[in-house]
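Student: Be aware that the sequence shown starts at 1, since it is given in UniProt numbering, and climbs by one per residue.
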Amino acid sequence: MLVYRLQTQEKPNTTVQVPAFLQELVDRDNSKFEEWCIEMAEMRKQSVDKGKAKHEEVKELYQRLPAGAEPYEFVSLEWLQKWLDESTPTKPIDNHACLCSHDKLHPDKISIMKRISEYAADIFYSRYGGGPRLT
Numbered sequence: 001m002l003v004y005r006l007q008t009q010e011k012p013n014t015t016v017q018v019p020a021f022l023q024e025l026v027d028r029d030n031s032k033f034e035e036w037c038i039e040m041a042e043m044r045k046q047s048v049d050k051g052k053a054k055h056e057e058v059k060e061l062y063q064r065l066p067a068g069a070e071p072y073e074f075v076s077l078e079w080l081q082k083w084l085d086e087s088t089p090t091k092p093i094d095n096h097a098c099l100c101s102h103d104k105l106h107p108d109k110i111s112i113m114k115r116i117s118e119y120a121a122d123i124f125y126s127r128y129g130g131g132p133r134l135t
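(1) What is the rounded straight-line gap between the Cα of residue 99 and the Cα of residue 105?
(2) Quick one: Cα of residue 56 to Cα of residue 46, how far?
(3) In chain order, which continuous runs of the alpha helix (DSSP H) of length 4 or greater are located wholly inside the UniProt domain "DUSP" (46-135)?
(4) Please report how far the alpha carbon of residue 89 lies from the alpha carbon of residue 83, in whole angstroms.
(5) What do you reckon, are the CB atoms on residue 95 and residue 132 nearer than 7 Å?
Shown next as structure tokens:
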């Protein structure tokens with residue numbers, strides 16, 4: 001028959017002293033990492049704030065886009081889609097591709113344009129610039 005007996009031997013305390021220069025390097029690395037984490041948190045907060053602001057802008061203007069019976073303008077549908085896409089910065093409005101030889105809206109290009117309220121157009125042009133304005 002095999003019998004086991006519990007040994008109660010204390011393990012020796014094995015603390016290792018890290019050399020001072022090595023500890024300094026580790027501390028410096030830790031400090032840089034903590035600074036990086038703070039920077040990343042700040043960048044994330046700024047990104048979230050920008051996203052919320054863009055969302056509010058889109059929500060506000062989206063409700064005001066339909067022209068109804070009030071004065072209206074035409075804006076490129078492609079530009080409106082890019083404005084709604086929050087992953088890319090919004091560029092100035094460019095309606096040049098939709099002009100006829102008289103610098104008016106070309107009748108054949110009406111399908112790639114969106115009729116929006118003058119109020120929404122005023123906000124778009126004041127914030128993003130571009131043109132020409134097509135009434």
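Ideal Cβ placement from N, Cα and C applies to all residues, glycine included.
Only a predicted model underlies this, so the values are computations on that prediction, with no experimental measurement involved.
Tutor: Result, derived from the coordinates:
(1) Indexing the sequence shown from 1 puts residue 99 at position 99. Indexing the sequence shown from 1 puts residue 105 at position 105. Distance between the alpha carbons of residue 99 and residue 105 is about 5 Å.
(2) Here residue 56 is taken as the residue at index 56 of the sequence shown, counted from 1. Here residue 46 is taken as the residue at index 46 of the sequence shown, counted from 1. Going by the C-alpha atoms only, they are around 15 Å apart.
(3) 77-84, 118-128
(4) Translated into positions along the sequence shown, residue 89 becomes position 89. Translated into positions along the sequence shown, residue 83 becomes position 83. Roughly 8 Å between the two C-alpha positions.
(5) Here residue 95 refers to the residue found at position 95 when the sequence shown is read from its first residue. Here residue 132 refers to the residue found at position 132 when the sequence shown is read from its first residue. The answer is yes: Cβ separation under 7 Å.
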